[in-house]
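Here is the structure we will look at.
6 protein chains.
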Amino acid sequence: MTKTRHQPIDAALVPRFAGHSTFMRLPAVDSAAGLDIALVGIPWDGGTTNRAGARHGPREVRNQSSLMRRANHQTGIAPYDIASVADVGDLAVQPIDLMSALRQIEEGIAAICAQGARPLSVGGDHLTTLPVLRAISKALGKPLGLVQFDAHSDTNDSYFGDNPYTHGTPFRRAIEEGILDPARIVQIGIRGSVYAADEHRWAKDQGIRIVYIEEFSERGPAEIMAEVHAIIGAGPAYVTFDIDSIDPSMAPGTGTPEIGGLTTREAQTMLRLLSGLNIVGADVVEVAPPFDLGGMTALAGATMMFELLCVMAEGVGQSVASA
Amino acid sequence: MTKTRHQPIDAALVPRFAGHSTFMRLPAVDSAAGLDIALVGIPWDGGTTNRAGARHGPREVRNQSSLMRRANHQTGIAPYDIASVADVGDLAVQPIDLMSALRQIEEGIAAICAQGARPLSVGGDHLTTLPVLRAISKALGKPLGLVQFDAHSDTNDSYFGDNPYTHGTPFRRAIEEGILDPARIVQIGIRGSVYAADEHRWAKDQGIRIVYIEEFSERGPAEIMAEVHAIIGAGPAYVTFDIDSIDPSMAPGTGTPEIGGLTTREAQTMLRLLSGLNIVGADVVEVAPPFDLGGMTALAGATMMFELLCVMAEGVGQSVASA
Amino acid sequence: MTKTRHQPIDAALVPRFAGHSTFMRLPAVDSAAGLDIALVGIPWDGGTTNRAGARHGPREVRNQSSLMRRANHQTGIAPYDIASVADVGDLAVQPIDLMSALRQIEEGIAAICAQGARPLSVGGDHLTTLPVLRAISKALGKPLGLVQFDAHSDTNDSYFGDNPYTHGTPFRRAIEEGILDPARIVQIGIRGSVYAADEHRWAKDQGIRIVYIEEFSERGPAEIMAEVHAIIGAGPAYVTFDIDSIDPSMAPGTGTPEIGGLTTREAQTMLRLLSGLNIVGADVVEVAPPFDLGGMTALAGATMMFELLCVMAEGVGQSVASA
Amino acid sequence: MTKTRHQPIDAALVPRFAGHSTFMRLPAVDSAAGLDIALVGIPWDGGTTNRAGARHGPREVRNQSSLMRRANHQTGIAPYDIASVADVGDLAVQPIDLMSALRQIEEGIAAICAQGARPLSVGGDHLTTLPVLRAISKALGKPLGLVQFDAHSDTNDSYFGDNPYTHGTPFRRAIEEGILDPARIVQIGIRGSVYAADEHRWAKDQGIRIVYIEEFSERGPAEIMAEVHAIIGAGPAYVTFDIDSIDPSMAPGTGTPEIGGLTTREAQTMLRLLSGLNIVGADVVEVAPPFDLGGMTALAGATMMFELLCVMAEGVGQSVASA
Amino acid sequence: MTKTRHQPIDAALVPRFAGHSTFMRLPAVDSAAGLDIALVGIPWDGGTTNRAGARHGPREVRNQSSLMRRANHQTGIAPYDIASVADVGDLAVQPIDLMSALRQIEEGIAAICAQGARPLSVGGDHLTTLPVLRAISKALGKPLGLVQFDAHSDTNDSYFGDNPYTHGTPFRRAIEEGILDPARIVQIGIRGSVYAADEHRWAKDQGIRIVYIEEFSERGPAEIMAEVHAIIGAGPAYVTFDIDSIDPSMAPGTGTPEIGGLTTREAQTMLRLLSGLNIVGADVVEVAPPFDLGGMTALAGATMMFELLCVMAEGVGQSVASA
Amino acid sequence: MTKTRHQPIDAALVPRFAGHSTFMRLPAVDSAAGLDIALVGIPWDGGTTNRAGARHGPREVRNQSSLMRRANHQTGIAPYDIASVADVGDLAVQPIDLMSALRQIEEGIAAICAQGARPLSVGGDHLTTLPVLRAISKALGKPLGLVQFDAHSDTNDSYFGDNPYTHGTPFRRAIEEGILDPARIVQIGIRGSVYAADEHRWAKDQGIRIVYIEEFSERGPAEIMAEVHAIIGAGPAYVTFDIDSIDPSMAPGTGTPEIGGLTTREAQTMLRLLSGLNIVGADVVEVAPPFDLGGMTALAGATMMFELLCVMAEGVGQSVASA
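Residue numbers (my numbering), protein chains in the order written: chain A, 22 to 344; chain B, 22 to 344; chain C, 22 to 344; chain D, 22 to 344; chain E, 22 to 344; chain F, 22 to 344.
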């Protein structure tokens with residue numbers, strides 16, 4: 022089957038403010054059939070421990086993604102020429118019952134995988150990544166590596182007594198469930214005060230490589246990303262981009278801001294250096310529009326999504342099955 | 022041909038913040054074929070003399086229209102049960118050249134009329150109403166009546182020297198062109214300081230009935246709307262709702278705010294009393310999101326659009342041709 | 022035991038922006054012991070179907086309540102001279118698990134009742150009222166009457182499939198549980214489009230008196246409140262004030278705004294006319310600061326809380342036990 | 022000497038957003054010489070007890086006054102045709118030392134009076150009115166009457182121990198100093214909780230007529246303004262318009278908001294009914310831009326200023342000396 | 022003729038929030054006669070393809086420029102001591118007809134040149150630079166060099182079919198018209214996704230030197246500016262500063278934001294290194310206040326204007342004629 | 022006496038949005054008795070020459086400090102385990118009379134010192150630091166060293182004629198009064214245009230070491246802080262952190278923003294390098310919430326306060342008396 026190379030509406034023909042709002046101004050399609058990469062929204066924030074609002078993330082990232090054009094000015098990648106990409110809409114997740122919501126998300130992503138597409142999703146809070154990882158790992162039949170851009174490790178055990186599922190715990194659960202390989206996890210940009218001086222002990226004991234912002238500042242994107250390639254290797258990898266990895270002056274619209282974060286320039290540089298990894302899925306999470314200022318965070322999220330799309334499109338020649 | 026009774030996505034099933042953003046959460050369709058009423062955006066504000074921004078109106082009215090449900094709590098009208106309604110998208114109007122833009126708008130609306138649907142549009146600035154009136158009047162082969170809710174008469178002659186087409190002049194042009202019947206025009210809510218004490222002389226000389234806000238306050242919605250029915254009669258009528266008719270505390274997102282305006286309660290009451298008129302088209306204009314506060318203006322616009330939809334749906338039994 | 026007549030910090034002595042932020046600038050106390058009326062926050066919005074944020078309500082209502090002074094300029098009531106009132110803090114409700122949260126709220130209010138105080142709470146979304154009613158009804162051993170100011174009836178059956186507990190269902194549940202007497206319920210200010218023309222059929226069949234905004238506009242506060250007294254009678258009554266009863270121009274910070282609402286002037290007039298009812302508890306709910314504009318909604322909420330406090334203080338002579 | 026009838030820049034010729042920002046787009050002049058009415062800013066808020074910011078009022082009122090046109094649509098008054106009006110700039114008042122600031126304001130206004138012009142000023146907090154009254158009363162050699170639109174009586178004795186000069190005390194001081202005649206003072210729109218039930222005892226004992234918002238709501242603008250004429254009579258009168266008389270939904274940008282206020286429509290109606298009084302000066306105070314939303318308060322202030330200008334222009338035939 | 026060394030109002034004498042708002046608090050003058058450098062606003066954004074609003078730029082840059090003082094803390098330049106500078110107001114450009122507007126701008130700047138002053142303007146969108154370049158080039162009788170700080174090359178051919186004049190095309194037109202020498206053009210800060218991978222082919226073929234943000238990050242301000250001097254040489258040069266060259270976290274108020282931009286620190290460093298060039302005019306464009314946050318973008322624009330003023334003042338000894 | 026090691030409320034047990042708002046979620050206590058470090062608010066901005074608002078600083082810094090956790094992720098310091106820390110509330114300073122206010126502040130801090138605690142305060146404008154320095158210097162009986170992070174030197178002589186006390190003059194006064202040792206003062210981050218090229222002449226003549234932002238950019242945090250240690254030495258030192266030292270994109274809520282400032286990452290690095298100094302008190306000043314965006318500035322202020330707390334807690338073993 023020849024896949025359709027969907028193209029965005031051209032802003033030099035139709036103004037950016039016109040037309041229905043879709044990711045990257047791509048066509049809205051009913052399913053992932055025939056796609057290499059499925060852009061999908063997961064409007065759910067039921068795992069949020071402080072300021073909710075990421076449920077509104079997909080809508081605003083769609084709006085701001087109207088500012089994206091067709092090619093990457095630095096790498097020269099034109100993703101729509103090398104991969105079939107479209108907007109498959111939002112997963113219909115209800116906001117009331119957490120356990121049902123996790124099932125709804127997993128089923129939605131599983132359906133995308135079953136059609137041979139790789140998901141590039143927009144959350145939603147960071148707990149949405151757990152059911153996404155479940156679906157992809159099941160589809161591939163193996164644990165995944167993880168490149169995580171984040172202010173927080175998100176490997177805590179529980180909150181508010183005995184709640185095991187919050188946006189502060191997904192990667193602990195994923196390791197426990199065997200869907201992530203802890204030896205192939207890198208977390209970049211971690212910072213902010215901690216509950217206890219040894220809060221990251223468990224994560225480090227599992228083998229997770231934590232790159233604190235201070236180390237990042239010292240060593241820079243190139244050196245860090247070289248290490249990322251060494252750790253992740255050739256196996257299937259998932260990339261999760263928590264928008265709070267970015268400094269709150271550049272991404273204020275998020276639930277748990279921590280000052281002293283990555284600049285968008287640094288983040289873009291790192292995402293481009295993901296090139297060569299076998300990326301089986303990716304997401305941008307924790308964009309919370311009620312706390313955003315002038316759409317700035319949604320624009321940063323949309324641009325990171327475009328950068329992720331470019332590196333994912335590069336890898337499309339490799340089938341998900343071979344991953 | 023049996024028409025499809027498109028239904029909105031039910032907010033009791035899929036949360037309002039999920040899914041692509043369309044007018045009233047109705048399906049996005051490619052053309053007006055098979056529709057009784059076509060919801061359409063006209064994202065253009067090139068006629069604006071002060072603060073532009075209404076070009077962004079359709080997108081935000083779509084977003085806020087996700088708060089609308091299926092039936093009118095007061096009149097009991099369920100528009101989607103009695104009329105075929107869908108979102109036909111935005112007219113692709115370029116923002117640079119005014120005369121071309123007016124042609125693009127007229128052609129877009131003419132296509133809707135040609136398919137037998139009545140347009141219910143969201144602007145855009147008030148100059149967009151001129152090409153809409155041109156298209157409908159041509160389709161019907163006769164001049165139209167006009168019910169205009171507005172802070173301003175918009176019957177000035179020209180601006181900035183000799184510019185005849187601005188959002189302050191559409192109804193003067195429409196009368197000159199013979200597409201509006203001045204004896205069947207009512208303007209409600211007019212207020213604000215004026216360029217000259219006799220600024221409305223021309224309009225009154227044509228036979229336009231101007232209801233200033235002070236008279237409205239004295240007499241109330243019921244009495245005013247009875248007069249509207251008397252003036253408009255049974256012939257085809259267009260309803261134009263400039264959001265600046267509403268008080269700026271309730272609709273701050275507009276280009277030329279005037280304090281002391283209609284309350285939304287008063288406006289809703291009046292729109293419901295349009296029932297019985299032969300409405301061949303309607304619009305909501307001058308919603309300017311860059312000046313809005315928390316989506317308040319877009320929500321007011323979306324609700325006025327829903328009220329207009331309800332009274333238009335009532336009239337669907339009468340074909341456009343018989344109008 | 023002589024109760025302490027706690028007094029607010031005087032803004033003519035210490036500026037309003039100084040000092041810890043408590044409800045009405047009253048002392049923060051550890052328990053309701055010795056209080057007639059306990060001011061309490063319920064920062065939880067897990068029942069919200071659209072825009073969350075009411076979890077932040079108590080903090081901002083506290084901040085804005087610093088604008089309240091000691092006496093009611095119209096009724097002359099000085100509540101702190103006739104009742105013992107203080108701020109007992111927030112209930113510690115976790116945001117992740119809905120059923121646990123409902124239990125935590127009920128237990129917290131039950132503790133206040135057990136100490137002989139009447140709760141005046143600030144939500145939180147409207148589902149918080151359900152466990153509050155459970156606690157008070159159990160303490161009194163009888164069903165309660167209800168005066169509800171609201172844009173929505175909140176008597177739907179379920180959402181998103183089969184979720185029985187959301188902020189759109191509390192009063193249906195309360196009637197089913199026998200903690201509200203449907204013949205002693207009045208809902209005022211109801212409006213907005215509905216899911217179906219007969220959406221309120223169930224409520225009306227139970228005997229609930231619904232006063233739509235249109236009827237209210239026709240008849241006015243005095244007449245409506247006379248009917249409220251006739252319906253509620255001398256038995257114990259709860260007053261719930263959903264801030265979305267107020268027009269969104271005056272209270273934009275809420276999850277489900279509906280235009281055409283009550284003015285604050287109308288609402289204040291009605292709350293003062295509650296005088297004489299046997300009010301065993303009250304709340305202000307659905308203040309959602311992330312959607313507020315300049316604290317306007319929180320200020321409206323704080324003022325409504327003060328008006329409720331004044332009429333509750335009047336009734337303090339009647340013990341809860343005798344209710 | 023023939024006075025120059027300065028005209029505003031015409032918005033139909035030069036867009037409102039162009040050109041230097043002056044009151045009403047009038048010329049900026051160096052002194053009040055040759056003027057009948059001097060528009061002047063008093064950017065000072067050192068008397069503010071809670072939220073400062075009115076120091077920025079003149080600049081934003083100037084900006085929003087660009088929306089004003091040349092004539093009053095309701096009364097037909099074209100002020101620039103019957104009076105010489107211009108913008109004399111701001112008084113240069115330092116923000117650090119209160120007593121010096123009061124002197125600077127008095128001297129500035131005295132200079133305007135000495136040139137035969139009547140001041141129409143924009144504050145600044147309400148304490149600015151005290152030195153303005155001092156200057157005018159001295160120039161006229163007699164106490165003045167006062168029409169005060171306000172949420173607060175501003176007749177308290179002192180704050181924070183023994184500070185006699187704050188924005189809550191100006192009219193007590195003015196009465197004590199003999200520059201206001203308490204029998205010719207009317208305060209309209211008073212509301213909000215009070216420090217004590219008898220807080221207004223002193224004011225009433227002096228003979229001040231207080232029209233609370235509740236009485237206003239009952240009786241309406243026409244009846245109240247008839248009483249104002251009876252009380253004020255033919256003597257010289259000052260009109261002070263505290264923007265907090267307006268409801269905070271329409272004028273959020275102020276230091277001490279009180280819900281339940283006047284609508285702008287009601288206020289405009291009342292200001293027009295000032296016609297016939299001998300107005301020797303007027304002001305709009307307490308517009309605090311840092312708390313404003315979208316310029317809404319400054320626009321309300323600018324429009325009230327225009328309404329005041331219209332009634333003052335009517336009275337220009339009567340010289341200040343004869344007042 | 023001895024020129025007047027106009028001085029700004031001293032903020033240590035008159036508070037910054039007081040007085041009429043002019044560029045740098047300099048006197049407003051009627052013409053450029055006697056000036057070395059004329060500060061002028063061009064409030065027009067009719068060439069904007071996406072979000073309009075730059076028409077409001079001059080007013081807000083004037084407001085924020087009240088924060089500027091008299092001397093450059095780093096270079097020690099006190100521009101008002103070495104050059105005659107004043108605010109000549111805004112060009113009166115109408116917003117409706119694009120071709121007329123371009124003529125109005127060119128005529129306005131030509132008048133300034135004819136009086137021997139160099140223009141330092143504030144836009145307005147980037148299309149305003151085209152008529153400015155026309156006027157200056159004509160006055161000098163030769164093509165100019167260009168130092169352009171920008172996120173976008175603005176050398177596209179046309180938009181929306183065949184519109185040759187938009188804010189994405191000015192420098193292509195200027196080269197075609199022979200008023201810019203493409204071999205003497207440097208563009209710095211270019212970034213963001215592109216319409217096609219070879220979008221900048223035409224520009225590069227003309228000889229334009231494009232410094233993408235990635236190269237800038239690698240090499241730094243000093244090295245880049247050394248190359249600028251080599252390319253521009255001793256001939257007359259124009260400096261255009263598009264505020265979107267700055268990162269959107271520091272300059273959110275613009276029509277086409279691109280993340281990953283210059284910091285203000287980097288930009289200030291580069292502007293100071295313009296010292297020694299023969300700058301015959303300069304501008305700051307694309308400040309769009311409706312999208313600004315707290316005046317941050319206008320403040321950045323005002324500061325860049327001050328930095329440009331300092332380097333232009335240095336060059337005043339060289340007459341325009343000798344350029 | 023064994024001191025109580027007060028602990029913050031744990032956000033993993035009680036959500037951050039719940040409970041009364043105190044600094045760091047620590048207990049609110051009545052006095053500094055038994056504390057090593059007293060967190061205290063100074064809500065006063067009467068020394069502000071431009072935009073007031075810092076009076077609201079303590080409240081919003083408290084709110085945002087709810088995002089702080091228990092330990093420093095980089096240094097490993099857990100301040101509450103090694104020092105007794107609590108929130109002693111705000112000093113009750115009246116906003117009307119400057120000289121009285123300075124006395125009230127000095128007395129409030131003197132009381133804290135008398136109880137053996139070191140103050141870590143949140144302003145308030147920078148003039149609040151003067152009476153704080155007076156109190157501490159008197160308590161210690163010697164002049165202090167000063168590490169000042171700031172955009173401005175704040176060593177001017179007077180404003181608006183002869184006002185010696187403004188937020189632009191505190192350190193000149195402190196040197197004149199002998200409470201600061203000018204040879205032990207370092208100012209870091211100074212920038213922005215100046216009143217005169219030699220504006221800092223007096224400061225440098227006294228021996229103050231000024232590190233302009235340009236020098237800082239060249240040399241970096243480590244080198245600068247090494248010099249700080251050399252200059253300050255072992256004697257008692259005060260650290261004052263003016264939030265305007267941070268770039269306005271990261272800290273917009275301040276009265277006198279200057280672009281080109283420190284990043285929060287740079288600031289955090291420097292504060293951690295204060296380790297080893299004998300810090301007898303510290304403050305964060307000039308956080309002005311009315312100009313803040315989304316609480317970003319208050320969050321930066323709260324985080325800087327936490328960093329200061331960490332280095333102060335390290336030094337607690339050394340008694341104030343021995344300092």
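Ideal placement from N, C-alpha and C gives every residue a C-beta, glycine not left out.
Could you tell me if residue i is buried or exposed, where buried requires 16 or more neighbouring beta carbons within 10 angstroms of its beta carbon?
i                      : result
residue 122 of chain D : buried
residue 222 of chain C : exposed
residue 178 of chain C : exposed
residue 240 of chain B : exposed
residue 120 of chain A : exposed
Between the Cα of residue i and those of the options, spot the shortest distance and give me the residue it belongs to.
i                      : options                  : result
residue 200 of chain A : A:141, A:253, A:167      : A:167
residue 115 of chain B : A:293, A:95, A:37        : A:37
residue 333 of chain F : F:266, F:58, F:82, F:53  : F:58
residue 321 of chain E : E:175, E:81, E:61, E:158 : E:81
For residue i, which beta-bridge partners are listed by DSSP?
i                     : result
residue 71 of chain B : Bridge partners of residue 71 of chain B: none, in fact.
residue 35 of chain B : DSSP, once it has assigned bridges, lists no residue as partnering residue 35 of chain B.
Would you say the beta carbon of residue i comes nearer than 8 Å to a heavy atom of the ligand GDP?
i                     : result
residue 56 of chain F : Looking for the ligand GDP in the displayed structure turns up nothing, as the structure carries no ligands at all.
Could you tell me which whole beta strand (DSSP E) segments of length 3 or greater appear in the segment 138-183 of chain A?
139-144, 165-170
At 4 residues or longer, and completely inside the segment 185-209 of chain D: list those alpha helix (DSSP H) runs for me, N to C.
191-197
Could you say if the segment 123-133 of chain E and the segment 267-286 of chain F meet the contact criterion of at least three C-beta pairs nearer than 8 Å?
no
Are the segment 183-190 of chain D and the segment 42-56 of chain C touching by the rule of at least three beta carbon pairs closer than 8 Å?
no
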